[in-house]
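Chemist:
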Amino acid sequence: MTIDFQALLDDDQEVVTNPKKIFAALPGKSPEFGYLRDVQGQVLDIWYERREERDLAIKMNVGSGKTCVGLLILQSSLAEGVGPAVYLVPDNYLVSQVVQEADLLGIATTTDADDPGFASGEAILVVNVLKLVNGRSVFGVGRDGTKKRVGALVVDDAHACLDKVREQFRIALPAGHSLHAALLDLFGGDLKAQSASAFRRITNGDAKPSYLTVPFWAWQEKQEQVASSFSVTATTRACGSSWT
């Protein structure tokens, strides 16, 4: 359901931006959302007072209604002209959960970044974090060269989203992969300097696991060679980008 902000007017004819008032005025919310819990109201009050600050962190217990709070925060931002709005979650299952709750609240959402309603601020985009953070993101590095603007962003379960992002940019190469061999050859001297015996176990494929870390200065000095090696194998499954 698209919300008509012109219908949410105070006596002085200003659009209502207070999230608690927006909640009270939502015309299509389910009876199970008859009122806000005390903790929800407290969080919304504090957020509204500090809404012009960047990168605010909100901590709420599981089951305390944080999805509703996040949706109301984004709806408030849209009412104030701060949009488009994006609600990020760790996975696609949670995307469906957020969309379902938004439907019960009567708040318009979309899961399509190309939806005109998202661009115009009429709907909140609900996607998993990998839609935003990936090597071909439509929010800045898309193949079509366009950059989708984001005015307000809620990250639901930031720790889980960070884990997903770390996984997104990690490449695991099996010992027999050509790039594995190329990187071992490139950084062999740097790794041997740390532990010749560990390096020997790695190159011999010993059953006992050994771990060595490439020094950051060596990585920086040889980044052009690394990029060249990756460009040769970038289309293989082991080196491919994952995105949704």
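Residue numbering for the sequence shown follows full-length UniProt numbering, starting at 1 and increasing by one per position.
Ideal Cβ placement from N, Cα and C applies to all residues, glycine included.
As the structure is a computational prediction, the values presented were derived from the model and not from experiment.
1. Going by CA-CA distance only, name the one from 150, 32 and 59 that's closest to residue 159.
2. Can you tell me the Cα-Cα spacing of residue 129 and residue 92, whole angstroms?
3. Can you round the beta-carbon distance between residue 201 and residue 208 to whole angstroms, since I take them to be within the 8 angstroms contact cut?
4. Going straight from the alpha carbon of residue 244 to that of residue 186, what length do you get?
5. Quick one: what's got a C-beta closer than 8 angstroms to residue 222's C-beta in the same chain, skipping five residues either side?
6. Buried or exposed for residue 228, going by 16 or more other Cβ atoms inside 10 Å?
7. So residue 204 is in the alpha helix (DSSP H); what residue range does that whole segment cover?
8. When burial is assigned at 16 or more other CB atoms within 10 Å of the CB, is residue 76 buried or exposed?
9. What are the start and end residues of each continuous alpha helix (DSSP H) run of 4 or more residues lying completely inside the region 97-147, in chain order?
10. Name the DSSP beta bridge partners of residue 88, please?
11. Can you tell me whether DSSP reads residue 244 as helix, strand or coil?
12. Helix, strand or coil for residue 228? Go by DSSP, reduced to three states.
13. Within the continuous alpha helix (DSSP H) that includes residue 19, where are the two ends?
14. Decide if residue 156 is buried, meaning its Cβ has at least 16 other Cβ atoms within 10 Å, or exposed.
Modeler: A quick look at the data gives this:
1. Checking every option, the nearest Cα to that of residue 159 belongs to 59.
2. In this model, residue 129 and residue 92 are separated by some 9 angstroms (Cα to Cα).
3. Correct: roughly 6 angstroms between the Cβ atoms.
4. Residue confidence is low: residue 244 scores 41 on pLDDT, short of 50, so the model does not pin down where it sits. No coordinate-derived value is stated.
5. Closer than 8 angstroms at the Cβ level, and outside the excluded window around residue 222, lie 186 and 187.
6. The residue in question, residue 228, is exposed, as its Cβ has fewer than 16 Cβ neighbours within 10 Å.
7. Looking at the DSSP string, the run of the alpha helix (DSSP H) that includes residue 204 is 196-204.
8. Per the 10 Å Cβ criterion, buried.
9. With a minimum length of 4 residues, the continuous alpha helix (DSSP H) runs that stay inside the region 97-147 are 116-119 and 129-132.
10. DSSP, once it has assigned bridges, lists 127 and 155 as partnering residue 88.
11. Residue placement at residue 244 is poorly supported in this model, since its pLDDT is 41, which falls under 50; the coordinates still yield a value, given next. Residue state, collapsed to three classes: coil.
12. In the structure shown, residue 228 adopts helical secondary structure according to DSSP, grouped into three states.
13. In the DSSP annotation of this structure, the continuous segment of the alpha helix (DSSP H) that includes residue 19 starts and ends at 19-25.
14. Here residue 156 is buried: its Cβ has 16 or more other Cβ atoms, across all protein chains shown, within 10 Å.
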